[in-house]
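**Q** Sharing a structure here in structure tokens format.
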Amino acid sequence: RRSSDLLDVNSAKASFYKDDMPAHVVKYMFIKPIFRNRLRFLLREALRHTGAEVLLHVAQPQADLYSPLLNELIFVPPRRMVDKIPPLSAFQQGHETHIDAAEDLDRKRQKGNQDVESLMCLYHTSRKALSDEKTKIHARIVVIGASSTGLAFLYSLLTIPYLHFSNLLLISPDGLPEHPNHREQLWFVDHMEWLEREYLLLKLQGRIRVLEGQMTDFDKFDKYVFTAGGVCEPYDQLMITAGRQYTIPKELAAHGTKDGVFPLSGSMNMANIQQHIHQSEIYEDDVSNAVIYGSGLDVYAVAATVIRLGLAPQRVVIVSPADDTHAEGSGPFMDPLVDLKVDKLLAALGTKLVKGYQLERLDYNEDNSLCQVVVAPVAGKGGNDGSNPDAKIAEFAASMFIYVHDKDIDSNVLSALNKRSIVFDGRVIVENNYRTTDPNIFAAGPVAMFSLRFGSGRDFEEFSIMEVGRHLATTLLGFLGVDEFYDPILH
19 RRSSDLLDVN
29 SAKASFYKDD
39 MPAHVVKYMF
49 IKPIFRNRLR
59 FLLREALRHT
69 GAEVLLHVAQ
79 PQADLYSPLL
89 NELIFVPPRR
99 MVDKIPPLSA
109 FQQGHETHID
119 AAEDLDRKRQ
129 KGNQDVESLM
139 CLYHTSRKAL
149 SDEKTKIHAR
159 IVVIGASSTG
169 LAFLYSLLTI
179 PYLHFSNLLL
189 ISPDGLPEHP
199 NHREQLWFVD
209 HMEWLEREYL
219 LLKLQGRIRV
229 LEGQMTDFDK
239 FDKYVFTAGG
249 VCEPYDQLMI
259 TAGRQYTIPK
269 ELAAHGTKDG
279 VFPLSGSMNM
289 ANIQQHIHQS
299 EIYEDDVSNA
309 VIYGSGLDVY
319 AVAATVIRLG
329 LAPQRVVIVS
339 PADDTHAEGS
349 GPFMDPLVDL
359 KVDKLLAALG
369 TKLVKGYQLE
379 RLDYNEDNSL
389 CQVVVAPVAG
399 KGGNDGSNPD
409 AKIAEFAASM
419 FIYVHDKDID
429 SNVLSALNKR
439 SIVFDGRVIV
449 ENNYRTTDPN
459 IFAAGPVAMF
469 SLRFGSGRDF
479 EEFSIMEVGR
489 HLATTLLGFL
499 GVDEFYDPIL
509 H
């Protein structure tokens, strides 16, 4: 260029930083397979010829997605917006203004939960981003269990803009779970920390391969995972993130499958509970009950769900081994005032609350159907309120018993771990880098615990799910040779 054509510093800044930036939105795209390896060059040249700087693409789970295009673009994380209602000063100035604002906020939330089809993921790229090749990682990463920890691990991998993973596999009995806002019934307490638009990334076609099945065995030497359906999948890195399930105690399960007894684990048992409520006519009498046994928040979630399904609140009996003292820092809500308010609300609906009692036995009739639940006072707690040491055994005529008390690892996963000599002591023992006794097998989440040689530590449930999944992802990337994630202490 001639010297007269050169811009000074201030003019160059003014010409570069503008209020608007030319961009194009890609709605549909197809390229012949023979030219797919030149897709990045095609996008870069399209931006150059049109004078645009940014390329945008909106992806919806319901639409047919073009995976080669998504592989070249960068995911834009949704912005987290805080919903606000007028402060207390506005409430003092006008009571109706505050109420109208709160009702309007509730309507917006309900509309957002119902309008599922409008949810989408935004991808973008620029000339500079297209000039830098993504690092492709072809390691076969297999995740066992669709727990929140495993999903957070996958989400962390997919949100790294300069890495592309070509072999991500999730093995779960129920596949990829729906977001709590999209479920018809909430049987469990919501432990997900994603927004709906954030969680949508996991459901896009081609990002993660989902296999519905249950791991029954794995081969450490040839690196294969076997499922109950006879499917065999190879792996390079195996991530065990299965959650702990509610399981009937062995002394009760030894009698075989009985009609009316349901552990709250898996979509099949939940569907059976719903079917049992709709088809059974025994709830029309005055003596039959549905007994929910447990002491956590899930008990209240189950009670609310069965009542919403049509079961009368007067037919619901909640039996909890926890006492009824409402001490500070104890109870399912960790707040004595909230515990007391919820118990009063359930009592007003007619629901029976029996606290300080434990399960004694289940009685069945000639048709192997549940007919009675027997509970006894917990030793040392003296009955329902702790003031009557001579409290007697209580009997409830019931045709349904839902077990929501103790959780344990899935029996198939436990059998596979023991068969392959993975150290297990109530939970899978891992080092500080999440490795088990096999260097290619990792574990995290409720199924795992750190080795006791690091001292007695806290359970994984006490930590943020997103942070555990993110740290597991960065630790694995350090083992895969990504230099920026290498940590000399962990690796």
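The numbering used here puts the first residue of the sequence shown at 19, with every later residue one more than the last. Glycine is no exception: its CB is placed at the ideal position from the N, C-alpha and C atoms. This one's a predicted model, so the numbers in the text were calculated from it and none came from an experiment.
Are the C-beta atoms of S166 and some chain B residue less than 9 Å apart?
**A** As a matter of chain content, chain B is missing from the structure shown, which is built from one protein chain.
**Q** Is the beta carbon of V337 less than 9 Å from the beta carbon of Y318?
**A** Numbered from 1 along the sequence shown, position 319 holds the residue referred to as residue 337. Numbered from 1 along the sequence shown, position 300 holds the residue referred to as residue 318. No, the pair does not count as a contact, with Cβ atoms beyond the cut-off.
**Q** Quick one: residues in its chain with C-beta nearer than 6 Å to the C-beta of R62, no 5 flanking neighbours on either side, listed in chain order?
**A** In the sequence shown, residue 62 corresponds to position 44, counting from 1. Within the same chain, R62 has close Cβ partners L148.
**Q** Just to confirm my understanding: we take E502, look at its own chain, exclude 5 residues before and 5 after, and list those with CB closer than 7 Å. What are they?
**A** The residue you call residue 502 lines up with position 484 of the sequence shown. The answer is none, since no qualifying residue turns up.
**Q** Opposite V309 in the DSSP bridges: which residues?
**A** Here residue 309 corresponds to residue number 291 of the sequence shown, with the count starting at 1. Paired residue(s): V335 and F419.
**Q** How many whole angstroms separate the CB atoms of L188 and L181, which I take to be in contact at a CB cut-off of 8 Å?
**A** One-based indexing of the sequence shown puts residue 188 at position 170. One-based indexing of the sequence shown puts residue 181 at position 163. Not confirmed; about 18 Å, so no contact.
**Q** May I ask you to check if the CB of V337 is nearer than 8 Å to at least one heavy atom of the ligand GDP?
**A** Annotation note on the ligand GDP: not contained in the displayed structure, which lists no ligands.
**Q** With distances taken between CB atoms, is the gap from A246 to Q232 smaller than 9 Å?
**A** Here the question's residue 246 lines up with position 228 in the sequence shown. Here the question's residue 232 lines up with position 214 in the sequence shown. Going by C-beta atoms, A246 is nearer than 9 Å to Q232.
**Q** Applying the 10 Å Cβ sphere with the 16-neighbour rule, what's the burial state of R66?
**A** Here residue 66 corresponds to residue number 48 of the sequence shown, with the count starting at 1. Its Cβ having fewer than 16 others within 10 Å, R66 is exposed.
**Q** DSSP three-state label for M467, please.
**A** For the purposes of this step, residue 467 is taken as residue 449 along the sequence shown, with counting starting at 1. Residue state, collapsed to three classes: strand.
**Q** What separation, rounded to the nearest whole angstrom, lies between the Cα atoms of P79 and I266?
**A** For the purposes of this step, residue 79 is taken as residue 61 along the sequence shown, with counting starting at 1. For the purposes of this step, residue 266 is taken as residue 248 along the sequence shown, with counting starting at 1. One C-alpha to the other measures close to 37 Å.
**Q** Report all residues from its chain with a CB closer than 6 Å to the CB of S439; omit the five preceding and five following residues, and keep chain order.
**A** Translated into positions along the sequence shown, residue 439 becomes position 421. Cβ neighbours of S439 beyond the five flanking positions: none.
**Q** CB L367 to CB I325, shorter than 9 Å?
**A** Within the sequence shown, residue 367 is the residue found at index 349, counting from 1. Within the sequence shown, residue 325 is the residue found at index 307, counting from 1. In this structure, I325 lies closer than 9 Å to L367 by Cβ.
**Q** So, is F183 buried or exposed, given that buried needs 16 or more other C-beta atoms within 10 angstroms?
**A** Position 165 of the sequence shown holds residue 183. With 16 or more Cβ atoms within 10 Å of its Cβ, F183 is classed as buried.
**Q** What is the DSSP secondary structure of L140, reduced to helix, strand or coil?
**A** Here residue 140 corresponds to residue number 122 of the sequence shown, with the count starting at 1. In this structure, L140 counts as strand in the three-state DSSP scheme.
**Q** So, with DSSP's three-state summary, where would you put L380?
**A** For the purposes of this step, residue 380 is identified with residue 362 of the sequence shown, where counting begins at 1. Strand.
**Q** Let's see if you can read the secondary structure: which residues bound the beta strand (DSSP E) around V356?
**A** Numbered from 1 along the sequence shown, position 338 holds the residue referred to as residue 356. Run containing V356: none in the beta strand (DSSP E); it sits in the alpha helix (DSSP H), P354 to L367.
**Q** Alpha carbons only, please: which of D235, P198 and S190 is nearest the one belonging to I226?
**A** In the sequence shown, residue 226 corresponds to position 208, counting from 1. Selected option, being the one with the closest Cα: S190.
**Q** DSSP three-state label for A321, please.
**A** Looking up residue 321 in the sequence shown gives position 303. Three-state result, A321: helix.
**Q** For the beta strand (DSSP E) that K182 lies in, which residues bound it at each end?
**A** Counted from its first residue, the sequence shown places residue 182 at position 164. Per the sequence presented here, residue 182 reads as His, with Lys not at that position. Looking at the DSSP string, the run of the beta strand (DSSP E) that includes H182 is L181 to F183.
**Q** Could you please give me the residues that DSSP links to Q263 through a beta bridge?
**A** In the sequence shown, the residue the question calls residue 263 occupies position 245. Answer by DSSP bridge pairing, in chain order: D426.
**Q** In the DSSP assignment, find the beta strand (DSSP E) that holds R66 and state where it starts and stops.
**A** Within the sequence shown, the letter at position 48 stands for residue 66. Not the beta strand (DSSP E): R66 falls in the alpha helix (DSSP H), residues L57 to T68.
**Q** Relative to the C-alpha of L282, which residue among D426, D235 and G374 is closest?
**A** By one-based count along the sequence shown, residue 282 stands at place 264. For the residues D426, D235 and G374, the minimum Cα distance to L282 belongs to D426.
**Q** Tell me which residues share the same chain as R445 and place their Cβ nearer than 7 Å to its Cβ, disregarding the 5 neighbours each side in the sequence.
**A** As a first step, residue 445 is located in the sequence shown; it is residue number 427 there, counting from the start. Within the same chain, R445 has close Cβ partners V465, A466 and M467.
**Q** Going by DSSP, which residues form a beta bridge with K50?
**A** Residue 50 sits at position 32 when you count from the first residue of the sequence shown. DSSP lists no partner for K50.
**Q** Is DSSP giving S107 helix, strand or coil here?
**A** For this step, residue 107 is matched to residue 89 along the sequence shown. Residue confidence is low: S107 scores 48 on pLDDT, short of 50, so the model does not pin down where it sits. Its coordinate-derived value is still stated next. DSSP places S107 in helix when its eight states are reduced to three.
**Q** Which of helix, strand or coil does DSSP assign to Q297?
**A** Reading the sequence shown from its first residue, position 279 is the one you call residue 297. Note: Q297 maps to helix in three-state DSSP.
**Q** Label H509 either buried or exposed according to how many other C-beta atoms from any shown protein chain fall within 10 Å of its C-beta, with 16 as the threshold for buried.
**A** Position 491 of the sequence shown, counted from the first residue, corresponds to residue 509. That one is exposed.
**Q** Three or more beta-carbon pairs under 8 Å between the segment 166–177 and the segment 479–492, yes or no?
**A** With the cut-off at 8 Å, the segment 166–177 and the segment 479–492 touch.
**Q** Over what stretch of residues does the beta strand (DSSP E) that includes A394 continue unbroken?
**A** Walking along the sequence shown from the start, residue 394 turns up at place 376. Run containing A394: L388 to P395, per the beta strand (DSSP E) assignment.
**Q** Using only the alpha-carbon positions, how far apart do R97 and V43 sit?
**A** Here residue 97 refers to the residue found at position 79 when the sequence shown is read from its first residue. Here residue 43 refers to the residue found at position 25 when the sequence shown is read from its first residue. Cα to Cα, the separation comes out at about 20 Å.
**Q** Can you list, in chain order, the residues of its chain with a C-beta nearer than 7 Å to that of I295? Leave out the 5 residues immediately preceding and following it.
**A** The residue labelled residue 295 in the question sits at position 277 within the sequence shown. Contacts found: V324, L327, G328 and L329.
**Q** Thinking C-beta only, is D235 closer than 9 Å to F244?
**A** If you number the sequence shown from 1, residue 244 lands on position 226. If you number the sequence shown from 1, residue 235 lands on position 217. In contact: F244 and D235 (Cβ atoms closer than 9 Å).
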